[in-house]
Each structure stands twice: as structure tokens, then as C-alpha cells.
Amino acid sequence: MEKKNKYEPELDFKALLKSPPRLFGWIFPYYLVLFVIVGIFFIKNMNNASFNSVPAIYTDSLEITADVKVKKGGIMPAVDLGIISNPTDELIAKGKELYKVNCSSCHGETGKADGAAAAALKPKPRNFYATDGWTNGRNFNNIYKTLNSGVPGTGMIAYEFIPIEDRIAIIQYIRSLTDFPEVTKTEISELDKTYELSKGVVSPNNITLKMAAEKIVEESDKSEKIETILNKINSSGNSESSKLFNEYVKDKEKAISIFLRDFGNKSNPKTFVNRLLYFPNESGFKSQVSFLSTEKINLIYNFLNKSLS
Numbered sequence: 009m010e011k012k013n014k015y016e017p018e019l020d021f022k023a024l025l026k027s028p029p030r031l032f033g034w035i036f037p038y039y040l041v042l043f044v045i046v047g048i049f050f051i052k053n054m055n056n057a058s059f060n061s062v063p064a065i066y067t068d069s070l071e072i073t074a075d076v077k078v079k080k081g082g083i084m085p086a087v088d089l090g091i092i093s094n095p096t097d098e099l100i101a102k103g104k105e106l107y108k109v110n111c112s113s114c115h116g117e118t119g120k121a122d123g124a125a126a127a128a129l130k131p132k133p134r135n136f137y138a139t140d141g142w143t144n145g146r147n148f149n150n151i152y153k154t155l156n157s158g159v160p161g162t163g164m165i166a167y168e169f170i171p172i173e174d175r176i177a178i179i180q181y182i183r184s185l186t187d188f189p190e191v192t193k194t195e196i197s198e199l200d201k202t203y204e205l206s207k208g209v210v211s212p213n214n215i216t217l218k219m220a221a222e223k224i225v226e227e228s229d230k231s232e233k234i235e236t237i238l239n240k241i242n243s244s245g246n247s248e249s250s251k252l253f254n255e256y257v258k259d260k261e262k263a264i265s266i267f268l269r270d271f272g273n274k275s276n277p278k279t280f281v282n283r284l285l286y287f288p289n290e291s292g293f294k295s296q297v298s299f300l301s302t303e304k305i306n307l308i309y310n311f312l313n314k315s316l317s
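Under this note's numbering, think of the first position of the sequence shown as 9, with each following residue one higher.
Shown next, in the form of C-alpha cells:
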């Protein structure tokens, strides 16, 4: 005879816990409703959820500066333009040694862009055997421009600090590795016109922007101090020392500037006397001051020294 389940007027939760299938049957509708609600909420807010909640950081373009590196200037000697069209074996050998020191770490020993530092560079260094993709081109002029000015945004720096002949030697060695376009007379003429290779090049000194700003402030402060001293001298009266200074000075601003520079922080009247005796014009005074006695020159020294205080 088939056994029928007994009707339960009230739910027995203790018995429900002992029967997992019955428990699942009771809680499943609640989970189903919860999943549907979460799904609807997610779909409605999908676009917002994909946005980055971290606010963007904007950089003030006025604060971006490309500083200048400190560089000692000088005169690059003139070169014989013949080494461009007819390089000697000695020049190419010299270029090879210079290449090893300056270029091989990136471009590789044989110029195939497989140097030790090449893997870390983006974009990759130039493979000299490849004929395409050159930033400035493969002609002699183009390679010289690259070596002289560098390539911004890459690991290729400017080598303007090395002598012109050394730059040409490096290029000639690179050109000896594979086939490059022939150098024409017109190209050499244009190169000489642009860089004045046959005349010699004057390379200016460079200082950083910070150093330049500090120097401007320093010179401005110095000018103000000289002006203050000059006003003090002009209103000093008619003492003997004042009369001597005004009579024998040639350029007041120059005399004050030199005295401030050389004697402002130290007391050395003997050196000042010798300076006026042997170099009066260079010190801002007339030549006749050298005929004065040591005592009178000392009066001028004391007058200037007192004006500084």
C-alpha cells in the first residue's frame, strides 16, 4: 500500500535543516529573485562601472622645462674637406676606435643595433645595414646632422662636444661597414656652408637655466649695490680723499665695480696701490694717478673702503 506524506499545518524548521533538498527548495526562489535584481542593476550601470573613478592628473605645461646642460665652450679647429670625399685608412681606423667608445654600446660592435644597451631603448638604435627608416636619411650630410644634433625623443644624444674631425672619422667608419650613397661635391659644399667646417667652429659655453637665473639675480644685486655706493660718493662732500678720487677717476662705475670685486671682502691697501701704479686704466682710473704718492693713493683706498660700509 502506497504511503502518503502527512500534511503539516506549520513548517517544522528543525526538520527542514535535516533535509537539504527541502531546504534548497525553500531558499532557491529567494536566491533567484536576488540574482535577477543584481543582474538588472549591473546591466543598467554597466557604462558607469567601466569608467575610471580615479580623477585625471593634469600637468601644467608652463612648469615643463627642458634644461640646458652645462658645457664648456671652445674653438673647434677647421678640417680638410678632403677627408669627407677621400677618407684615409688611418681616419677610418681612428673612427673605429671612437665608434667603440661612443657608439657600440647601443649600435653594436658591427652596427647591427645589437649593443648591450639596445634592449632597453625605445625606439631601437639604428641598424646601419638597413636602408629604410632613417630619421634624417643615409647621406653623409644627414648622418653628420644626426651625430651633431642628436635625435630628440630617442637615446641618440648630440655629439657636438667632440672635435669635428672625430665626428667625420666615426661617420667614415660607419660608411665602411656597408654600402652608402656616394658623397658629392655639392653635398660637401652644403655641409661646409651649414657647419663652417673649413673655418672652424666657435662653441659657446652653456649653463643651466637655474644657474642663469641665479647669475641674473646676482648681477642685479651687484648693480644696485654699485648704484648705492655711487650715490654715496657723489654726496660725500669736499674732503681731500673725495677730491682725489673725483680728480683721478676715469670711470666711476668701473672703478667701484673692480674695487668691490677685489677689495670688498678684504683689506689690502698695498695691493690697491700697486694696482693703480701699474694698471690704472684697467682699474677705472686715469693714467696720471700712477704719479701720486703712496699716501695719496691710500687716501683713495680708504675713501672707497669707507663708501662700501
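Think of the CB as a built atom: it goes at the ideal place given N, C-alpha and C, for glycine as much as any other residue.
*asked:* If I follow the unbroken alpha helix (DSSP H) through residue 109, where does it start and stop?
replied: By one-based count along the sequence shown, residue 109 stands at place 101. Run containing residue 109: 97 to 110, per the alpha helix (DSSP H) assignment.
*Just to check, is the beta-carbon of residue 292 closer than 7 Å to a non-hydrogen atom of the ligand ADP?*
This structure simply doesn't include the ligand ADP, nor any ligand for that matter.
*Among 88, 148 and 226, nearest to residue 192 - alpha-carbon criterion*: As a working mapping, residue 192 is identified with position 184 in the sequence shown. Considering only alpha carbons, the answer is 148.
*How is residue 169 classed by DSSP in three states: helix, strand or coil?*
Numbered from its first residue, the sequence shown carries residue 169 at position 161. In the three-state reduction of the DSSP assignment, residue 169 falls in the coil class, being assigned neither a helical nor a strand state.
*With DSSP collapsed to three states, give me the class of residue 50.*
Here residue 50 corresponds to residue number 42 of the sequence shown, with the count starting at 1. It is helical.
*Short check: CB of residue 152 to CB of residue 179, under 8 Å?*
Residue 152 sits at position 144 when you count from the first residue of the sequence shown. Residue 179 sits at position 171 when you count from the first residue of the sequence shown. Yes. Within cutoff.
*Compare the C-alpha of residue 306 against each of 275, 109 and 290 and name the closest.*
Against the sequence shown, residue 306 aligns to sequence position 298. Cα-wise, what sits closest to residue 306 is 275.
*With C-beta atoms as the reference, is residue 223 less than 8 Å away from residue 258?*
In the sequence shown, residue 223 corresponds to position 215, counting from 1. In the sequence shown, residue 258 corresponds to position 250, counting from 1. No, these two residues do not count as a Cβ contact at 8 Å.
*From what residue to what residue does the alpha helix (DSSP H) around residue 248 run?*
As a working mapping, residue 248 is identified with position 240 in the sequence shown. Annotation: the continuous alpha helix (DSSP H) that includes residue 248 extends over 248 to 256.
*Separation of residue 102 from residue 229, as counted between CA atoms*: Here residue 229 is taken as the residue at index 221 of the sequence shown, counted from 1. Here residue 102 is taken as the residue at index 94 of the sequence shown, counted from 1. Spanning the two alpha carbons is a distance of roughly 50 Å.
*Measure the C-alpha to C-alpha separation of residue 232 and residue 208 and round it to an integer number of angstroms.*
The residue you call residue 232 lines up with position 224 of the sequence shown. The residue you call residue 208 lines up with position 200 of the sequence shown. Those two C-alpha atoms are separated by around 40 Å.
*asked:* Once DSSP output is grouped into helix, strand and coil, what is the label at residue 299?
replied: In the sequence shown, residue 299 corresponds to position 291, counting from 1. In the structure shown, residue 299 sits in a helix (DSSP, three-state: H, G or I).
*Can you give the Cα-Cα distance for residue 130 and residue 201, rounded to whole angstroms?*
As a first step, residue 130 must be located in the sequence shown, where it is residue number 122. As a first step, residue 201 must be located in the sequence shown, where it is residue number 193. When only Cα atoms are considered, residue 130 and residue 201 end up about 34 Å apart.
*Out of 189, 94 and 299, which has the shortest C-alpha to C-alpha gap to residue 145?*
Taking the first residue of the sequence shown as 1, we reach residue 145 at position 137. Residue 145 has its Cα closest to that of 189, out of 189, 94 and 299.
*In the DSSP assignment, find the unbroken alpha helix (DSSP H) run with residue 222 in it and report its ends.*
As a first step, residue 222 must be located in the sequence shown, where it is residue number 214. Residues 217 to 242.
*Start and end of the alpha helix (DSSP H) containing residue 282?*
Numbered from 1 along the sequence shown, position 274 holds the residue referred to as residue 282. Taken as a continuous stretch (DSSP letters only), the alpha helix (DSSP H) holding residue 282 covers 277 to 286.
_Let's test the definition: count the other Cβ atoms within 10 Å of the Cβ of residue 219 and tell me whether it reaches 16, buried, or not, exposed._
Indexing the sequence shown from 1 puts residue 219 at position 211. Flag for residue 219 reads exposed.
*Identify, in the order they occur along the chain, each residue of the same chain with its Cβ nearer than 8 Å to the Cβ of residue 137, setting aside the five sequence neighbours on each side.*
As a first step, residue 137 must be located in the sequence shown, where it is residue number 129. Once the five neighbours on either side are set aside, the close Cβ partners of residue 137 are 119, 120, 185 and 186.
*Taking the alpha helix (DSSP H) that residue 150 falls in, what are its first and last residues?*
The sequence position of residue 150 within the sequence shown is 142, counting from 1. Per DSSP, the unbroken alpha helix (DSSP H) holding residue 150 starts and ends at 148 to 157.
*asked:* Which residues does DSSP list as the beta-bridge partners of residue 293?
replied: Within the sequence shown, residue 293 is the residue found at index 285, counting from 1. Beta bridge pairing from DSSP links residue 293 with 257.
*Helix, strand or coil for residue 313 per DSSP?*
Counting from 1 along the sequence shown, the entry for residue 313 is found at position 305. Assignment of residue 313 by DSSP, reduced to helix, strand and coil, places it in the helix class.
_What does the Cβ neighbour count give for residue 3, buried or exposed, with the cut at 16 atoms within 10 Å?_
The requested residue 3 does not occur in the structure, where the chain is confined to residues 9 to 317.
_Residue span of the alpha helix (DSSP H) that contains residue 27, given as start and end_ = Stepping through the sequence shown from its first residue, residue 27 is reached at position 19. First-last for residue 27: undefined, no H or E at that position.
*Helix, strand or coil: how does DSSP classify residue 9 here?*
The residue you call residue 9 lines up with position 1 of the sequence shown. Low confidence applies here, because residue 9 scores a pLDDT of 47, under 50, leaving its location unreliable and the question unanswered by this model.
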